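Note sheet for the following structure.
Chains as they are written, first to last, in our numbering: chain A, 1 to 318; chain B, 319 to 636.
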C-alpha cells in the first residue's frame, strides 16, 4: 500500500471530530538561543497528551463495522495503549491491551479510565507477542500496531498537515524517531503539502537504531537505552522504507542534551514535554549552524511524563 | 481618578504592540473533576511569563516623554520587576529595580536580561522603601508601583477584556489576590465588558489579608506566609476600594490545596504555572458546589517558578 496525499486528507477528515487541532507556539528567547525561527506544533496538548491519539483513531475508524465491533487490541506500555483504549471508548467497542507487568500504574490507570481491558505479561517482547496472539484468538479483536500500520502512519501525518496549513512554508521540519510512525507520517505530509521542506529526525544516542539502519540499508535492532523512553523501539518493515527514501538526515543526541532541551522548553515556554519530545530540539541545538536563520517546524510529540521522574532527571543532569 | 471603560480600552490599544494576546485553554478532565466548564486565560504564556507585562507597559507608556527618559523604578521581588525592566528595554530608557537579597535567582536573571539595574536590600518592607527612595533621589526615575497605580491596574484589566472578547459571557471569573492589581483590573473589566459576570478571588490562607480587610472594612496587614509567594503583600489604598466595592467573595485556600491544584494543571494541561497562579483553581475546587454546571473563567496569572522549587513543593505536599 502507498499512502497518498488523499489517504492523509481522508484520515484528517475522519479523525477531526475526535482530536484537538493543537496550537502552534513560538518562543522569542529560544529563537535567540537557536539562531533561527522555530514554530512548535504542540501535540503535548493533544488528547491523551500525545500525537498517538491521531493514528489510533484513524486506524480504528478505518476498520469495517464488523471488525470494529469485535474490538481493538495491541501490546504497548506507552501512549499508544491509552490512545487505542480512548478510540475504542468513543466508538463503543472493547479494547484489549497487553502490558508488561512492570508498566507504571499511572499508564494502567489511563487505559482503565477509558474502559480498556489489560492483560499483563512478562516484560519480554516474546511474552507480549504470545499474549497478544492469545487475546486475539479468543476475542477476534483486530491488532492495531503502534507504528507499523499504514492507517496509524496516515493518522500521525495529520499533525504535520495542520502545521503546514497554519504556518505555511518551512525550510525544515524536525520530528523524533522511535518506531518511525510519527516520522513516516511527517515525511509523507511534508512531501505532499510542502514539497520544499526538508525533514530531519532526532534520535537518542542510546537508541540510535534508525541512524544505523539508514547507514546499513536494513532494519537494525535497538539497544534501547536512555531517557527517551518513547523512542526505544526499532523501525518496522512499513516505516523503514518510507524513512529511508525521504528523510534528509538523522541527528543523534545524548541524554544530557535531551534533558537540557527539555528544561529549556519547560522554563522558557512554560509547557510540559516528555524527554522523547525534546529530542528534535536537542538535535537542532547540536547542529545550530545548519538551521541558522531558517524557518523550522518542530513536532512536540507529547507531554506524558511523571512529574517525579522529570524532577529526578532535571536533578541528575543539572 | 476613576478607571473608566475607555481607560481600559485605551490601555489595551496602547500595549497591544508589546504584549501577547494569550491563548484560552480548557481541559476536559479538569472540567469533569470540577463539575463545571472552565476556560483558562493563559497569562503564564504572557511576555515575561506573567500578566505583569501588561500593567508595567501601560504605566510606562502613560508617562510624559521627559519623565520616561529619566527611567523607571520599583521595588519588587517578583514578576513586576521583570515586567518593568522589559518595558524600559523596549522604550530604550533605564530601569532601577530594588529587590530583596532573598529574591529567586530566576527573577534576578530575568531583570538583568532586559538591562535592568538591580539594587539589593534587606527583605523587610522598610528597607525596600528606603532603598527605592535613595535610587529615585539619585536618578530622577519615576516609581511604578507593582499594583497601587491606576495605569498598572488598567493594564492588568486587559487580560480579562481579552478573555471576554474571546469567550463571551461567563458566570464567574476567578483571579488571585495579593496586592490587588490584577483583581482590581479583573473586577473593572468584568463590570464594563460583561456586567453579568461575578468575580471571585482566591487567596492563600497564610496571606489572607484581603479576606480580613473585606471583613474589617479597612486595609489589614499581611502575615505573608506560605507557598503563594506572588500574593504575600497587603492591599493598597487604590486597590482596596475597588475590591471592596466590586468583589463577590474571597475564598481562602491552604498551601496543600494550592499545590494540589498546581499539580493538576501541570499533569492534565501540560502547562507550567507558579504556586500563586494555582490559587483560584484551588478555590474553585474547595467550593465546587458554588460553581456546579457554570461557565467559569480563571486568570492563570503566571508561570515563573524555579523547576527545583516546584519539584520540592510537589514532593513536600505529595
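Note that the Cβ used here is the ideal one computed from N, Cα and C, for glycine as well. Computed from a predicted structure; not experimentally measured.
**Request:** Tell me whether residue 354 of chain B sits in a helix, a strand or coil according to DSSP, three-state version.
**Result:** Here residue 354 of chain B corresponds to residue number 36 of the second chain, with the count starting at 1. Coil, per DSSP.
**Item:** the stretch 617-636 of chain B: positions lying closer than 7 Å to chain A by Cβ
**Value:** 621, 625, 629, 632
**Item:** Closer than 7 Å at the beta carbon, the chain A residues around residue 367 of chain B
**Value:** Walking along the second chain from the start, residue 367 of chain B turns up at place 49. The answer, in chain order, is 270.
**Asked** Is the shortest distance between the beta-carbon of residue 319 of chain A and the beta-carbons of chain B less than 9 Å?
**Response** Only positions 1 to 318 of chain A appear in the structure, and residue 319 of chain A is not among them; the question remains open.
**Asked** Across which residues does DSSP place residue 492 of chain B in a beta bridge pair?
**Response** Against the second chain, residue 492 of chain B aligns to sequence position 174. For residue 492 of chain B, which the question treats as bridged, DSSP gives the partners B:518, B:616.
**Prompt:** With a cut-off of 9 Å, does the C-beta of residue 23 of chain A fall near any C-beta of chain B?
**Reply:** Counting from 1 along the first chain, the entry for residue 23 of chain A is found at position 23. Taking Cβ atoms only, chain B reaches closer than 9 Å to residue 23 of chain A, which makes this a yes.
**Item:** residue 290 of chain A - DSSP class collapsed to helix/strand/coil
**Value:** If you number the first chain from 1, residue 290 of chain A lands on position 290. Reduced to three states, the DSSP call for residue 290 of chain A is helix.
**Request:** Check whether the Cβ atoms of residue 359 of chain B and residue 346 of chain B lie closer than 9 Å to each other.
**Result:** As a first step, residue 359 of chain B is located in the second chain; it is residue number 41 there, counting from the start. As a first step, residue 346 of chain B is located in the second chain; it is residue number 28 there, counting from the start. Contact flag unset, no.
**Request:** Check whether the Cβ of residue 54 of chain A lies closer than 9 Å to any Cβ atom in chain B.
**Result:** One-based indexing of the first chain puts residue 54 of chain A at position 54. It does not: the Cβ of residue 54 of chain A has no partner Cβ on chain B nearer than 9 Å.
**Given 8 Å, three or more beta-carbon pairs between the stretch 141-153 of chain A and the stretch 172-189 of chain A** = yes
**Request:** Spell out the partners DSSP gives residue 50 of chain A in its beta bridges.
**Result:** To locate residue 50 of chain A, count along the first chain from 1; it is residue 50. Beta-bridge pairing links residue 50 of chain A to A:302.
**Prompt:** Nearest chain B C-beta to residue 45 of chain A closer than 9 Å, yes or no?
**Reply:** Within the first chain, numbered from 1, the residue matching residue 45 of chain A stands at position 45. Yes, contact with chain B.
**Asked** Quick one: does residue 165 of chain A have its CB under 9 Å from some CB of chain B?
**Response** Here residue 165 of chain A corresponds to residue number 165 of the first chain, with the count starting at 1. No, residue 165 of chain A does not count as interfacial toward chain B.
**Prompt:** Roughly how far, in whole angstroms, is the beta-carbon of residue 600 of chain B from the beta-carbon of residue 575 of chain B, given that I think they are within contact range, below 8 Å?
**Reply:** Start at 1 with the first residue of the second chain, and residue 600 of chain B comes out as number 282. Start at 1 with the first residue of the second chain, and residue 575 of chain B comes out as number 257. Correct: roughly 4 Å between the Cβ atoms.
**Prompt:** Whole beta strand (DSSP E) runs in the stretch 148-195 of chain A with 3 or more residues, listed along the chain?
**Reply:** 172-176
**Asked** Can the beta-carbon of residue 570 of chain B be found less than 9 Å from the beta-carbon of residue 538 of chain B?
**Response** Here residue 570 of chain B is taken as the residue at index 252 of the second chain, counted from 1. Here residue 538 of chain B is taken as the residue at index 220 of the second chain, counted from 1. Not closer than 9 Å, so no.
**Message:** By the DSSP assignment, the beta strand (DSSP E) with residue 390 of chain B in it spans what residues?
**Reply:** As a working mapping, residue 390 of chain B is identified with position 72 in the second chain. Residue 390 of chain B -> beta strand (DSSP E) spans 390-393.
**Request:** With 9 Å as the threshold, decide whether the Cβ of residue 273 of chain A is near any Cβ in chain B.
**Result:** Here the question's residue 273 of chain A lines up with position 273 in the first chain. With 9 Å as the cut-off, residue 273 of chain A counts as an interface residue toward chain B.
**Message:** Let me make sure I understand the geometry here. Which of A:122, A:100, A:112 has the alpha-carbon closest to that of residue 87 of chain A?
**Reply:** Position 87 of the first chain, counted from the start, is the residue given in the question as residue 87 of chain A. It is A:112 whose Cα lies nearest to the Cα of residue 87 of chain A.
**Request:** Run down chain A in chain order and give the residues with a C-beta less than 7 Å from the C-beta of residue 585 of chain B.
**Result:** On the second chain, position 267 is the one that residue 585 of chain B refers to. Result: 307.
**Message:** Need the endpoints of the beta strand (DSSP E) that residue 415 of chain B sits in, please.
**Reply:** For the purposes of this step, residue 415 of chain B is identified with residue 97 of the second chain, where counting begins at 1. Unbroken beta strand (DSSP E) run through residue 415 of chain B: 413-418.
**residue 117 of chain A vs residue 101 of chain A beta-carbon contact at 9 Å** = The count along the first chain starts at 1 and reaches residue 117 of chain A at position 117. The count along the first chain starts at 1 and reaches residue 101 of chain A at position 101. Taking 9 Å as the Cβ cut-off, residue 117 of chain A and residue 101 of chain A do not qualify as a contacting pair.
**Prompt:** What are the residues of the stretch 572-583 of chain B that lie near chain A, defined by any Cβ-Cβ distance shorter than 8 Å?
**Reply:** 581
**Asked** Which ranges would you report for the alpha helix (DSSP H) in the stretch 205-287 of chain A if only whole runs of at least 4 residues count?
**Response** 209-216, 239-246, 255-264, 279-286
**Asked** Once you ignore the five residues that flank residue 107 of chain A on each side, which residues in its own chain have a CB closer than 6 Å to its CB?
**Response** As a working note, residue 107 of chain A is residue 107 in the first chain. Here the set comprises nothing.
**Request:** Would you kindly work out how many angstroms separate the C-alpha atoms of residue 208 of chain A and residue 602 of chain B, rounded to a whole number?
**Result:** One-based indexing of the first chain puts residue 208 of chain A at position 208. One-based indexing of the second chain puts residue 602 of chain B at position 284. For residue 208 of chain A and residue 602 of chain B, the distance between alpha carbons rounds to 47 Å.
**Prompt:** So which of B:329, B:372, B:325 has the shortest CA-CA distance to residue 338 of chain B?
**Reply:** For the purposes of this step, residue 338 of chain B is identified with residue 20 of the second chain, where counting begins at 1. Measuring from the Cα of residue 338 of chain B, the nearest candidate turns out to be B:372.
**Message:** Between residue 454 of chain B and chain A, is any beta-carbon pair separated by less than 9 Å?
**Reply:** In the second chain, counting from the first residue as 1, residue 454 of chain B sits at position 136. So, not an interface residue.
**Request:** Kindly indicate if chain A contains any beta-carbon less than 9 Å away from that of residue 424 of chain B.
**Result:** Within the second chain, residue 424 of chain B is the residue found at index 106, counting from 1. Judged by the 9 Å Cβ criterion, residue 424 of chain B is in contact with chain A.
**Message:** I'd like to confirm the pairing. Which residues does DSSP put opposite residue 437 of chain B in its beta bridges?
**Reply:** Start at 1 with the first residue of the second chain, and residue 437 of chain B comes out as number 119. B:416.
**Asked** Considering only C-alpha positions, which residue in the set A:121, A:159, A:125, A:67 is nearest to residue 43 of chain A?
**Response** Reading the first chain from its first residue, position 43 is the one you call residue 43 of chain A. When each option's Cα is compared against that of residue 43 of chain A, the closest is A:159.
**Asked** Can you tell me whether residue 255 of chain A is buried or exposed, with buried defined as 16 or more other CB within 10 angstroms of its CB?
**Response** Position 255 of the first chain, counted from the start, is the residue given in the question as residue 255 of chain A. Residue 255 of chain A should be labelled buried.
**Beta-carbon proximity list for residue 488 of chain B, same chain, < 6 Å, skipping 5 on both sides** = Position 170 of the second chain, counting from 1, holds the residue named residue 488 of chain B. Result list for residue 488 of chain B: 515, 613, 615, in chain order.
**Beta-carbon spacing of residue 610 of chain B, residue 344 of chain B below 9 Å** = Stepping through the second chain from its first residue, residue 610 of chain B is reached at position 292. Stepping through the second chain from its first residue, residue 344 of chain B is reached at position 26. In this structure, residue 344 of chain B does not lie closer than 9 Å to residue 610 of chain B by Cβ.
**Message:** Could you tell me the alpha carbon to alpha carbon distance between residue 121 of chain A and residue 76 of chain A, rounded to whole angstroms?
**Reply:** For the purposes of this step, residue 121 of chain A is taken as residue 121 along the first chain, with counting starting at 1. For the purposes of this step, residue 76 of chain A is taken as residue 76 along the first chain, with counting starting at 1. Between residue 121 of chain A and residue 76 of chain A, the C-alpha separation is close to 11 Å.
**Request:** Going by CA-CA distance only, name the one from A:200, A:288, A:212, A:249 that's closest to residue 299 of chain A.
**Result:** Indexing the first chain from 1 puts residue 299 of chain A at position 299. Comparing Cα-Cα distances from residue 299 of chain A to each of A:200, A:288, A:212, A:249, the minimum goes to A:200.
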